[in-house]
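Student:
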Amino acid sequence: MTYDLIIKGGQVVLRDGVRQLDIGIKDEKISCIAEQITADAEEKIDAKGQYVMPGMVDTHVHISEPGRAEWEGFETGSKALAAGGTTSYVEMPLNALPATTNKEALDLKLEAAGKQNYIDYGFYGGLVPDNLDKLEELSGAGVLAFKCFMSDITSDIPDDFTNVDDYTLYKGMQKLAELDQILCIHAENPSVTSKLAEEFMKEGRTSAMDYPDSRPIFTEVEAVQRAILFAKETGCKLHPVHISTSEAIQAILQARREGVDVTVETCTHYLALTAEDVEEIGPYAKCQPPLRKAEDQAKLWDEFLAGNIDWLTSDHSPCTEDLKQAPLFEAWGGISGAQNNVDIMFDLAVKQRGMAVNEFADYIAAHPAARFNLPNKGEISVGKDADIIFVDPDSSYILKREDLYYKNKHSAYEGRKIDCRVTKTIVRGNVVYDAEEGIVGEPVGKLVSRK
Ligand SMILES: [Zn+2]
8 MTYDLIIKGG QVVLRDGVRQ LDIGIKDEKI SCIAEQITAD AEEKIDAKGQ YVMPGMVDTH
68 VHISEPGRAE WEGFETGSKA LAAGGTTSYV EMPLNALPAT TNKEALDLKL EAAGKQNYID
128 YGFYGGLVPD NLDKLEELSG AGVLAFKCFM SDITSDIPDD FTNVDDYTLY KGMQKLAELD
188 QILCIHAENP SVTSKLAEEF MKEGRTSAMD YPDSRPIFTE VEAVQRAILF AKETGCKLHP
248 VHISTSEAIQ AILQARREGV DVTVETCTHY LALTAEDVEE IGPYAKCQPP LRKAEDQAKL
308 WDEFLAGNID WLTSDHSPCT EDLKQAPLFE AWGGISGAQN NVDIMFDLAV KQRGMAVNEF
368 ADYIAAHPAA RFNLPNKGEI SVGKDADIIF VDPDSSYILK REDLYYKNKH SAYEGRKIDC
428 RVTKTIVRGN VVYDAEEGIV GEPVGKLVSR K
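In short: position in the sequence shown from 1, add 7, done, that's this note's numbering.
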């Protein structure tokens, strides 16, 4: 037996613990895991001193190509993900134009994605008020899940994404339950948040600390609870995205105890940054729901460390520089974060708070892969895709603008000292990123669609 690649002597992160092992890769799959693999290989990589982990499965990424390719493209976005230790991602049905709300729009995305991706990728379908009759064709075309907005994103641009009304949410959930699809929701009460924003701006209450008050915690909890009620009624699988508060997590846990099929994610930025940080960083750290105040973030950390949050995502939501060069309340509400999830969260959760490395791997890889039904992804075990990253726990660096692969090179983490580093990213046995050389090789990413 000759392997294509053998990874030697790393601290291999398995589901049940970490051990020093060799990994043999053949035909893009993990073919052998053993204490010593002495067979020949086309290539051998020494991983001593490195954690050898499953790559992140990021289920929340916005690439705005086609239609708004100046915000982010598949090439630049997937390079940033690869450099950050992500090996597969699921792309949101907004902010490209047209939004992914029917099969023709999905076909345009598939064509745009083409051969530009450095890592594996799949797509969401959108649920909007005028596409209840398109959900089945999107599901049949292989989207991995659906997404809707209970928040206000009304746009006057034709074919842009719009938020659901309660009727659409109800009928859409009925249909998605039949199709056995997960509905992911952006949960904020739009009538309260949009009026409060107007009121705050009129009164000149527009500081970084005012912003979370304009989108108060109960507006997230109310939307989550409403969606849970609809899920109970319809039997639809539910997944609230980018949850920012402990209060919403508690509502989700209660629903789960009552038998609702619901999971939940939070994003790196809700755990890594606070409203207090926005005072310094400004609009690069603006997102919706907002970054919460330190006292509220501490409660979200308690939920994460207690195992009450199923997985982490980036919600990479990029835009052009001009949309961030605006007063906080008017700037684009999205954080470019694709490139810094594994390193920042490893630093914060494992190094600073003592989370076990194999548990951390569940939150970036195994749990999202299981929920999104990606049987070849999410863990280091024989037969899985060889989607593997190296993390050097003893390396430290300061993130600089020139390190960023995004089309628009800004980040809320610029200037941040990060006390660990992703040193290699391997997608189905192909090295696509190395800390010394940067992005290497070809865009090997393949489409992952629903079986
Ligand atoms: Zn998003």
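Using N, Cα and C, we set each Cβ at its ideal position, and we do this for glycine too.
#1: Roughly how many angstroms separate the alpha carbons of Tyr-58 and Lys-202, rounded to a whole number?
#2: Run through the DSSP bridge pairs and tell me what Glu-272 is partnered with.
#3: Whose C-beta lies closer than 6 angstroms to the C-beta of Pro-375 among residues of the same chain, with five residues either side of it excluded?
#4: The alpha helix (DSSP H) with Val-389 in it runs from where to where?
#5: Who are the Cβ neighbours of Lys-51 in its own chain at under 7 angstroms, not counting the five residues just before and after it?
#6: Should Ser-324 be listed as close to ligand 1, given that the test is whether its C-beta is under 6 angstroms from any heavy atom?
#7: From Lys-300 to Glu-283, what distance separates their C-alpha atoms?
#8: Applying the 10 Å Cβ sphere with the 16-neighbour rule, what's the burial state of Glu-227?
#9: What are the boundary residues of the alpha helix (DSSP H) that includes Pro-105?
#10: Would you please state the rounded distance, in angstroms, between the beta carbons of Val-357 and Val-364? I believe it to be under 8 angstroms.
#11: Taking contact to mean 3 or more Cβ pairs, one atom from each stretch, closer than 8 angstroms, check whether the segment 73-83 and the segment 318-330 are in contact.
#12: Lys-306 and Ser-251 look like a contact to me (Cβ under 8 angstroms); what is the Cβ gap, rounded to whole Å?
#13: Go through its chain and collect everything with a Cβ distance to Tyr-404's Cβ below 7 angstroms, but skip five positions before and after it.
#14: Are Arg-222 and Pro-297 close, meaning C-beta to C-beta below 7 angstroms?
#15: Thinking C-beta only, is Pro-450 closer than 7 angstroms to Lys-122?
#16: Rounded to the nearest angstrom, what separates Tyr-218 and Leu-115 at their Cα positions?
#17: For Thr-281, tell me which candidate among Tyr-420, Glu-185, Phe-130 has the shortest Cα-Cα distance.
#18: Which one of Ile-387, Lys-407, Gly-422 has the shortest CA to CA distance from Ile-37?
#19: Could you spell out where the beta strand (DSSP E) holding His-374 opens and where it closes?
#20: Which of the three DSSP states is assigned to Glu-210 in this structure?
#21: Once DSSP output is grouped into helix, strand and coil, what is the label at Lys-358?
#22: Mapping the DSSP letters down to three states, classify Gln-304 as helix, strand or coil.
#23: Apply the 10 Å Cβ neighbour rule to Pro-290 and answer buried if 16 or more other Cβ atoms are within range, or exposed otherwise.
#24: DSSP three-state label for Arg-435, please.
#25: Less than 7 angstroms between the C-beta atoms of Gln-295 and Gly-91, yes or no?
#26: Shortest alpha-carbon distance to Asp-392 belongs to which of Lys-384, Ala-46, Asp-399?
#27: Smallest Cα separation from Gln-304: which of Glu-366, Thr-275, Gly-31?
#28: If Ala-262 and Ile-224 are in contact, beta carbons under 8 angstroms, what's the gap, nearest whole angstrom?
#29: Out of Asp-163, Lys-33, Leu-330, Gly-56, point me to the one whose CA is closest to Val-25's CA.
#30: How would you write the range of the alpha helix (DSSP H) that Ser-403 sits in, first residue to last?
#31: Look at Val-439 and Tyr-10 and say whether their C-beta atoms are less than 7 angstroms apart.
#32: Scan the segment 170-208 and note each continuous alpha helix (DSSP H) run of 4 residues or more that stays entirely inside, going in chain order.
#33: Using a Cβ-Cβ cutoff of less than 6 angstroms, which residues in the same chain neighbour Asp-322 once the five nearest sequence positions on both sides are dropped?
#34: In whole angstroms, what separates the C-alpha of Val-135 from that of Pro-247?
Tutor: This is what the structure gives:
#1: Start at 1 with the first residue of the sequence shown, and residue 58 comes out as number 51. Start at 1 with the first residue of the sequence shown, and residue 202 comes out as number 195. So the two alpha carbons sit approximately 48 angstroms from each other.
#2: The count along the sequence shown starts at 1 and reaches residue 272 at position 265. Answer is Trp-318.
#3: Residue mapping note: residue 375 aligns to position 368 of the sequence shown, counting from 1. Within the same chain, and ignoring the five residues on either side of Pro-375 in sequence, the residues whose Cβ sits closer than 6 angstroms to its Cβ are Val-64, Thr-66, Trp-318.
#4: For the purposes of this step, residue 389 is identified with residue 382 of the sequence shown, where counting begins at 1. Secondary structure note for Val-389: it is in no alpha helix (DSSP H), with a DSSP letter that is neither H nor E.
#5: To locate residue 51, count along the sequence shown from 1; it is residue 44. Within the same chain, Lys-51 has close Cβ partners Ile-13, Lys-15.
#6: Residue mapping note: residue 324 aligns to position 317 of the sequence shown, counting from 1. Answer for Ser-324: yes, Cβ within range of ligand 1.
#7: Here residue 300 is taken as the residue at index 293 of the sequence shown, counted from 1. Here residue 283 is taken as the residue at index 276 of the sequence shown, counted from 1. Across the structure, Lys-300 and Glu-283 are spaced so that their CA atoms are roughly 6 angstroms apart.
#8: As a first step, residue 227 is located in the sequence shown; it is residue number 220 there, counting from the start. Counting of Cβ neighbours within 10 angstroms places Glu-227 among the buried residues, the total reaching 16 or more.
#9: By one-based count along the sequence shown, residue 105 stands at place 98. Looking at the DSSP string, Pro-105 is not in any alpha helix (DSSP H), and its letter there is neither H nor E.
#10: Residue mapping note: residue 357 aligns to position 350 of the sequence shown, counting from 1. Residue mapping note: residue 364 aligns to position 357 of the sequence shown, counting from 1. That belief holds up - the Cβ atoms of Val-357 and Val-364 are roughly 6 angstroms apart, short of 8 angstroms.
#11: The segment 318-330 and the segment 73-83 touch, with three or more beta-carbon pairs separated by less than 8 angstroms.
#12: Within the sequence shown, the letter at position 299 stands for residue 306. Within the sequence shown, the letter at position 244 stands for residue 251. Contact flag wrong, Cβ pair sits at about 11 angstroms.
#13: Residue 404 sits at position 397 when you count from the first residue of the sequence shown. Counting only Cβ-Cβ distances below 7 angstroms, and skipping sequence neighbours, we find Ile-425, Arg-428.
#14: The residue given as residue 222 occupies position 215 in the sequence shown. The residue given as residue 297 occupies position 290 in the sequence shown. Here Arg-222 is near Pro-297, since their CB atoms are less than 7 angstroms apart.
#15: Against the sequence shown, residue 122 aligns to sequence position 115. Against the sequence shown, residue 450 aligns to sequence position 443. Taking the C-beta atoms as reference points, Pro-450 is found nearer than 7 angstroms to Lys-122.
#16: Position 211 of the sequence shown, counting from 1, holds the residue named residue 218. Position 108 of the sequence shown, counting from 1, holds the residue named residue 115. Distance between the alpha carbons of Tyr-218 and Leu-115: 36 angstroms.
#17: Walking along the sequence shown from the start, residue 281 turns up at place 274. With distances taken between CA atoms, Thr-281 lies nearest to Tyr-420 out of Tyr-420, Glu-185, Phe-130.
#18: As a first step, residue 37 is located in the sequence shown; it is residue number 30 there, counting from the start. Of Ile-387, Lys-407, Gly-422, the residue nearest in Cα terms is Ile-387.
#19: For this step, residue 374 is matched to residue 367 along the sequence shown. Judged by DSSP secondary structure, His-374 falls outside any beta strand (DSSP E) and instead within the alpha helix (DSSP H) spanning 374-378.
#20: Taking the first residue of the sequence shown as position 1, residue 210 is located at position 203. DSSP places Glu-210 in coil when its eight states are reduced to three.
#21: If you number the sequence shown from 1, residue 358 lands on position 351. Three-state DSSP puts Lys-358 in a helix.
#22: To locate residue 304, count along the sequence shown from 1; it is residue 297. Looking at Gln-304 - three-state DSSP - the assignment turns out to be helix.
#23: Your numbering for residue 290 matches position 283 in the sequence shown. When all chains shown are included, Pro-290 counts as buried.
#24: The residue you call residue 435 lines up with position 428 of the sequence shown. In the structure shown, Arg-435 sits in coil (DSSP, three-state: anything other than H, G, I, E or B).
#25: Position 288 of the sequence shown, counted from the start, is the residue given in the question as residue 295. Position 84 of the sequence shown, counted from the start, is the residue given in the question as residue 91. Cβ atoms of Gln-295 and Gly-91: not closer than 7 angstroms.
#26: Translated into positions along the sequence shown, residue 392 becomes position 385. Answer by Cα proximity: Lys-384.
#27: For this step, residue 304 is matched to residue 297 along the sequence shown. Cα-wise, what sits closest to Gln-304 is Thr-275.
#28: Position 255 of the sequence shown, counting from 1, holds the residue named residue 262. Position 217 of the sequence shown, counting from 1, holds the residue named residue 224. Not confirmed; about 17 angstroms, so no contact.
#29: Looking up residue 25 in the sequence shown gives position 18. Comparing Cα-Cα distances from Val-25 to each of Asp-163, Lys-33, Leu-330, Gly-56, the minimum goes to Gly-56.
#30: Indexing the sequence shown from 1 puts residue 403 at position 396. Counted as a single uninterrupted DSSP element, the stretch harbouring Ser-403 is not any alpha helix (DSSP H), since DSSP gives it neither H nor E.
#31: What you label residue 439 is simply residue 432 of the sequence shown in a count that begins at 1. What you label residue 10 is simply residue 3 of the sequence shown in a count that begins at 1. No.
#32: Scanning the segment 170-208 from its first residue to its last, the whole alpha helix (DSSP H) runs of 4-plus residues come out as 173-185.
#33: Mapped onto the sequence shown, residue 322 falls at position 315. Closer than 6 angstroms at Cβ, skipping near neighbours: His-67, His-249, Cys-274.
#34: Here the question's residue 135 lines up with position 128 in the sequence shown. Here the question's residue 247 lines up with position 240 in the sequence shown. Rounded to whole angstroms, Val-135 and Pro-247 show a C-alpha spacing of 16 angstroms.
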